[in-house]
Amino acid sequence: MPQPETRTDTATTGAPAAIDEPTRRALIEALAQAMFAHADELTALDQAIGDGDHGLNMKRGFEAALADVDGLAAKPLPDGLKAMGMTLVMKVGGASGPLYGTLFMTLGKALPVEPDRANLVAAFGAAIDAVKARGKSDFGQKTMLDVLGPVHEALAEGSDPKAAADNAAEATIPMLATRGRASFLGERSIGHMDPGARSSALMVAAIADVLEQG
Ligand code: ADP
Ligand code: MG
């Protein structure tokens with residue numbers, strides 16, 4: 497039996513617990529389950545202001561990740577994140593595949609094997625910048641970035657990332673889309689939640705639930 501990896505006590509140090517192999521497995525499984533459970537909802541959101549494939553895109557990507565959960569979880573965190581990003585680029589497709597792929601790959605490049613909170617904040621900032629560069633997009637355009645930005649702020653100030661993500665996804669409803677497919681609708685994009693904002697919030701919640709249990 498291999499010795500379990502040492503875990504840091506979150507309560508006493510304020511640092512995240514070590515993201516060991518069982519945790520990495522739980523994270524992949526939780527992300528996949530969140531996408532499977534909400535695929536219809538994401539599709540309905542994308543039917544309103546896009547082409548109706550976001551739920552299916554995310555489901556396909558995370559089916560592929562789940563099929564390789566042993567291999568992905570066995571890798572050290574940075575390598576696992578990079579491999580996960582590659583999988584999402586190859587399998588999700590659409591606009592969101594390369595963007596989520598970039599997010600995970602950049603996290604993998606930026607994070608050390610055992611990250612502390614400051615590492616997480618810095619890496620998430622770098623990942624957001626990479627998504628912006630890839631998408632030629634910025635905050636305020638009614639995209640996934642409008643959830644990722646507030647989540648980054650919450651992480652930096654030590655507030656609840658899940659609540660930040662949910663509120664931020666809700667806050668995309670009155671926004672006018674100026675990037676992505678929804679921007680083709682102009683004013684008609686107003687009044688609907690952005691599908692990528694919702695999938696981002698679901699992923700943040702899935703990750704937070706696993707790490708809070710750790
Ligand atoms: P597609 O739009 O190609 O059908 P998806 O439906 O899978 O791809 O994903 C749509 C989501 O991708 C949008 O709701 C939005 O959040 C995000 N998105 C699209 N374009 C961009 C962009 N340029 N920058 C950031 N996010 C984007
Ligand atoms: Mg779509």
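Under this note's numbering, residue 710 is the last one in the sequence shown; the count climbs by one each step, no gaps.
In this text, a Cβ means the ideal position worked out from N, Cα and C, and glycines have one as well.
Nonlocal neighbours in the same chain, by C-beta distance under 6 Å from residue i, ignoring five residues either side
i: G631; result: L595
i: A650; result: P657, A660
i: A701; result: K658
i: A697; result: V643, A661, D662, A665
i: A606; result: A619, A622
i: T674; result: Q637
Close-in-space but distant-in-sequence residues of the same chain around residue i (CB under 7 Å, 5 per side omitted)
i: D740; result: Because residue 740 is not part of the residues shown, which for the chain are 497 to 710, the question remains open.
i: A579; result: L568, K571
i: T668; result: K638, D642, M689, D690, A693
Residue i Cβ short of 7 Å to the ligand ADP heavy atom set
i: L677; result: A small fix is needed here, since residue 677 is Arg in this sequence, not Leu. Checking the Cβ of R677 against the ligand ADP gives yes.
i: G491; result: Past the boundaries of the shown model lies residue 491; the chain is included only from 497 to 710, so the question cannot be answered.
The ligand MG heavy atom lying under 7 Å from the CB of residue i
i: D549; result: yes
i: G581; result: no
i: G589; result: no
i: D625; result: no
i: D542; result: yes
i: G621; result: no
Residue closest to residue i, alpha-carbon to alpha-carbon, out of the options
i: N553; options: D566, V585, T668, H648; result: V585
i: Q543; options: G589, R675, G692, H648; result: G692
i: P670; options: Q709, G654, D690; result: D690
Own chain, CB closer than 8 Å to residue i, minus 5 neighbours either side, in chain order
i: M582; result: G597, M601
i: V706; result: T519, A522, L523, A526
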